[in-house]
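Asker: In terms of this note's numbering, the sequence shown is residues -4 to 173.
All C-beta atoms, glycine included, are put in the ideal place defined by N, C-alpha and C.
A quick note: this is a predicted structure, and the numbers were derived from the prediction, not measured.
Quick one: the structure is below, questions incoming.
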Amino acid sequence: MSTLTTPKNKTDLKLQDSLAGVINAVKDNPDNAEAAFSVTSRLEKGFHSTINTRDFEFISDEPESLGGKNEGPNPIEYVLGALAACQEIVIKAHATQLGIEVKSVKVDATGDLDLHGFFNLSKARPGFTNVRYQTVIETEETDPVKLQKLKDISLKNCPVLDVIQNPVPVTGEVTYIN
């Protein structure tokens, strides 16, 4: 993000001020750039899980066709939802900093799975084999330089897109209790 342009509406002005505060805190002290996010999840019955993060609780379940009761999105749908929402947030945050007024952002995301991998029926990977998304930004901005910059940022600076596209070191363990 570079030169700031004053937004036309109060909501974007407040957002720009909030973002500027975080950006300046990181610039002033690189230690402020470190952030950690966490969740706790508990499988309760069938495939129904309750997930807690910060002050929020949400559920995950599988569709009936995969043995669940269809009481909530499944984990793969949450990943796609996270990608879509992250794209929208990245675009809005950076558009605000670039002085681009965004009326709306809509993302459609689809991921393909080969269930052979999930069910251990072959060596197919259990995760996505392909992810596709389409982002549509509604704006009256016509400056091609600004719009290209926003597009480039949406492809380069989205944390969830980065997690999906690039290997991330993951550590974990499985333990048993009686």
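Closer than 6 Å by C-beta to I148: which residues in its own chain qualify, once you throw out the five before and the five after it? Chain order, please.
Answerer: Answer for I148: H89, listed in chain order.
Asker: For D26, does the three-state DSSP call read helix, strand or coil?
Answerer: Residue state, collapsed to three classes: helix.
Asker: Check I46 in the structure and name its three-state DSSP category.
Answerer: It is a strand residue.
Asker: Where do the ends of the alpha helix (DSSP H) carrying E124 lie?
Answerer: First, the amino acid is wrong: residue 124 is Thr here, not Glu. Taken as a continuous stretch (DSSP letters only), T124 belongs to no alpha helix (DSSP H), being part of the beta strand (DSSP E) at 123 to 134.
Asker: Going by DSSP in three states, D7 sits in which element: helix, strand or coil?
Answerer: Of the three classes helix, strand and coil, the one that applies to D7 here is helix, per DSSP.
Asker: May I ask which residues mark the beginning and end of the alpha helix (DSSP H) holding K87?
Answerer: Element bounds for K87: 70 to 93.
Asker: Just mark Q82 as buried or exposed, buried being the case when its beta carbon has 16 or more other beta carbons within 10 Å.
Answerer: Answer is buried; the Cβ neighbour count reaches 16.
Asker: Are there 16 or more other CB atoms within 10 angstroms of the CB of N4, so buried, or fewer, so exposed?
Answerer: By the 10 Å Cβ count, N4 comes out exposed.
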